[in-house]
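Notes follow the structure.
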Amino acid sequence: MNGRKTFYFKSSILLLLRTRWIGPYLLLPPMLAFMVYAEAYLSAQGVTGIYNLEQRIVLAIWNASLLLTLIAGIKSCLFFSRLWGSFWFRNSLALPASRYSGFWGPFLAALSVATIMYLLTSGAVIAALPEIGRFPWVQVLAELYVPVIWAVSVGALLGLITSGTAGSLFFATLMLLGFLTGMPSLYPSSGWLQVVVPPVGRIMTLSLVFPSGLIQAVILLTHSVIALTLGRLLYSFGIKRR
Amino acid sequence: MAPYISIGGYSDPPRIPHLSLEVNHNELVALVGGAGSGKSNLMKCLAGIRKPVRDSIRIMGAKPGSIASRERSVFVFQNFNYAPDIYLRTQLDQRISLIRGVPSREVKDDVRDWCERMDLLDVCMNYPGKVNLSQLQLFSLAPVFLTSPSVVILDEPFRNVSASSVDAALSLILPALENAAVLALVQKSSPLLEKADRIVTI
Numbered sequence: 001m002n003g004r005k006t007f008y009f010k011s012s013i014l015l016l017l018r019t020r021w022i023g024p025y026l027l028l029p030p031m032l033a034f035m036v037y038a039e040a041y042l043s044a045q046g047v048t049g050i051y052n053l054e055q056r057i058v059l060a061i062w063n064a065s066l067l068l069t070l071i072a073g074i075k076s077c078l079f080f081s082r083l084w085g086s087f088w089f090r091n092s093l094a095l096p097a098s099r100y101s102g103f104w105g106p107f108l109a110a111l112s113v114a115t116i117m118y119l120l121t122s123g124a125v126i127a128a129l130p131e132i133g134r135f136p137w138v139q140v141l142a143e144l145y146v147p148v149i150w151a152v153s154v155g156a157l158l159g160l161i162t163s164g165t166a167g168s169l170f171f172a173t174l175m176l177l178g179f180l181t182g183m184p185s186l187y188p189s190s191g192w193l194q195v196v197v198p199p200v201g202r203i204m205t206l207s208l209v210f211p212s213g214l215i216q217a218v219i220l221l222t223h224s225v226i227a228l229t230l231g232r233l234l235y236s237f238g239i240k241r242r
Numbered sequence: 243m244a245p246y247i248s249i250g251g252y253s254d255p256p257r258i259p260h261l262s263l264e265v266n267h268n269e270l271v272a273l274v275g276g277a278g279s280g281k282s283n284l285m286k287c288l289a290g291i292r293k294p295v296r297d298s299i300r301i302m303g304a305k306p307g308s309i310a311s312r313e314r315s316v317f318v319f320q321n322f323n324y325a326p327d328i329y330l331r332t333q334l335d336q337r338i339s340l341i342r343g344v345p346s347r348e349v350k351d352d353v354r355d356w357c358e359r360m361d362l363l364d365v366c367m368n369y370p371g372k373v374n375l376s377q378l379q380l381f382s383l384a385p386v387f388l389t390s391p392s393v394v395i396l397d398e399p400f401r402n403v404s405a406s407s408v409d410a411a412l413s414l415i416l417p418a419l420e421n422a423a424v425l426a427l428v429q430k431s432s433p434l435l436e437k438a439d440r441i442v443t444i
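Those protein sequence lines, which keep their order, are chains A and B.
The first sequence begins at 1 in my numbering and counts up by one.
The second sequence begins at 243 in my numbering and counts up by one.
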């Protein structure tokens, strides 16, 4: 019947477009400008070892993806926790809307908003570059989009199992841990840590050499699927038990 | 004809040790209980958002929570049903269109007329937090008027309505309830008691 499966998606989009939820994305431009400035400075001093155009392109999109992942993840933890814990949401389960869409609708809404922000930010970064050259930037864009999916998926799981603040702190810690995997000296060449720690940083440093972070992208997507499957199960359990 | 609402052997110890009740078409039953007597828990069980101790409830012959039990039913909760960050008018349009099963553009005129009749047109473009409790309670009753439901379950529906609006709201709500099975969970002072066909005390 009309609107049964889209009720929660539409409601979540309306909520996410409020200043409270869209506002944090306004932090992106100044943070991005700061990072680009700092990296340009370090590069000029010969610290980072990034010289060619391709590396600078990846680094620019890398920055956009990293910052967006951080903001989208924290925002997702806060949003999902507040939404699924609200009286409004619980009472709305009595409406003739699909209850399963109560999980997927808000998730897809948060992912849609984050995706639009990612496209706008990386589009702006690419537009600001002096030349794009013959670089496979579509592949880089696709690869660096995976951390955004991961952030919203993990945010959904954390929003279900804990409060928004605790979830945000946990997410920021997880992100930092994932960021450290980008440093080759800290990243193990094999072993269980490679699979368990989200390779957010690794996917980006690999892209700096060559767009070759496919395995890391698959690991990160697997993390996202696991988070979503767990979240979906907990959601089902929660709505039957309340 | 099977009862529209059937509660058989419901228990929520220690508040409600046992409750069996049937509500038929075109009948208004008032379930009376004091504060903390388990009415709101029963409401949640009827809406399928809480599991009863025994699986003993049927709405239109279906288990609570199933889509069949919800598609022709209206549940009015005590703490309202509206998201704090979406305009009331938008939420009303969404809800009415969802219950009627039509696109929201087809219900806009009806919602507008209803708001006008209830003198709520000025406030319906506000967020719920900007509207007083009495008006919010009237908004929560809107689906009863606008969707011709078969089953209506109300939890303290006039508790927050101001004394001056109760008569007006009652005169509007009663005709809307005529073709439905209505279960009202109320306290002793509720104005609905005078209009009830049956009163059950818990």
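No residue lacks a Cβ here, since even glycine has one placed at the ideal position from N, Cα and C.
Legend entry - C-alpha gap between Ser382 of chain B and Phe317 of chain B, whole angstroms: 9 Å
Legend entry - Neighbourhood of Gln333 of chain B by C-beta distance below 6 Å, restricted to the same chain and skipping five residues each side: Tyr324
Inset, instruction - Determine whether the Cβ of Ile239 of chain A lies closer than 8 Å to any Cβ atom of chain B. - result: yes
Legend entry - Straight-line Cα distance separating Cys366 of chain B from Leu330 of chain B: 5 Å
Inset, instruction - Compare the beta carbon distance of Gln336 of chain B and Ser282 of chain B with 8 Å and say whether it is the shorter of the two. - result: no
Legend entry - Any C-beta of chain B under 8 Å from that of Lys10 of chain A: yes
Legend entry - Inter-stretch contact at 8 Å, needing at least 3 Cβ pairs: the segment 437-444 of chain B / the segment 253-271 of chain B: yes
Inset, instruction - Output the residue ranges of the alpha helix (DSSP H) runs that lie fully inside the segment 310-393 of chain B and measure 4 residues or longer, sorted by chain position. - result: 330-342, 350-359 and 375-388
Inset, instruction - Please list the partners that Phe319 of chain B has in chain A, where partner means a Cβ-to-Cβ separation under 7 Å. - result: Asn91
Inset, instruction - Spell out whether any CB of chain A is found under 8 Å from the CB atom of Lys372 of chain B. - result: no
Inset, instruction - Could you tell me which residues DSSP puts in a beta bridge with Ala172 of chain A? - result: In the DSSP output, where bridge partners are listed per residue, Ala172 of chain A has none listed.
Inset, instruction - Count the C-beta pairs between the segment 339-349 of chain B and the segment 371-378 of chain B that are closer than 8 Å, then say yes if the count reaches three, no if not. - result: no
Inset, instruction - Below 8 Å CB to CB, which residues in the same chain sit around Ser81 of chain A once its five sequence neighbours on both sides are set aside? - result: Leu158, Gly159, Leu160, Thr162, Ser163, Gly164 and Gly167
Inset, instruction - Taking the CB atoms as reference points, tell me whether Ser153 of chain A and Ala227 of chain A lie closer together than 8 Å. - result: yes
Legend entry - C-beta atoms of Val442 of chain B and Val274 of chain B nearer than 8 Å: yes
Legend entry - Contacts of Phe7 of chain A in chain B (Cβ-Cβ under 9 Å): Gln336, Arg337 and Leu340
Legend entry - Distance CB(Phe79 of chain A)-CB(Leu174 of chain A) smaller than 8 Å: no
Inset, instruction - Please name the residue in A:Val225, A:Glu39 and A:Thr69 whose C-alpha comes closest to that of Gln55 of chain A. - result: A:Glu39
Legend entry - Where the beta strand (DSSP E) through Ile299 of chain B begins and ends: Ile299 to Ile301
Inset, instruction - Under 7 Å between beta-carbons, which chain E residues line up against Asp327 of chain B? List them in chain order, please. - result: Among the protein chains in the structure shown, which are A and B, there is no chain E.
Inset, instruction - Give, in chain order, every residue of the segment 151-182 of chain A whose Cβ lies closer than 7 Å to some Cβ of chain B. - result: none
Inset, instruction - Could you pull the start and end residues of the alpha helix (DSSP H) that Gly155 of chain A belongs to? - result: Trp137 to Ile161
Inset, instruction - Specify whether the segment 26-46 of chain A and the segment 65-75 of chain A touch according to this definition: at least 3 beta carbon pairs, one from each stretch, less than 8 Å apart. - result: yes
Legend entry - Sequence-distant residues of its chain with Cβ nearer than 7 Å to Gln377 of chain B (five each side left out): Leu362 and Val365
Inset, instruction - For Leu425 of chain B, collect the residues of the same chain with a Cβ closer than 7 Å to its Cβ; drop the 5 residues on either side in sequence, then sort them by chain order. - result: Ile247, Val265, Val271, Leu273 and Ile395
Inset, instruction - Classify Ser236 of chain A as helix, strand or coil using the three-state DSSP reduction. - result: helix
Inset, instruction - Could you tell me the boundaries of the alpha helix (DSSP H) in which Arg90 of chain A lies? - result: Phe87 to Ser92
Inset, instruction - Determine, using beta carbons only, whether Ile291 of chain B comes closer than 8 Å to chain A. - result: yes
Legend entry - Under the three-state DSSP convention, the category Tyr252 of chain B falls into: strand
Inset, instruction - Keeping to the same chain, check which residues put their C-beta closer than 7 Å to that of Val197 of chain A; ignore five residues upstream and five downstream. - result: Leu177, Gly178 and Thr181
Inset, instruction - Would you list the residues sitting across from Glu264 of chain B in a DSSP beta bridge? - result: B:Ser248
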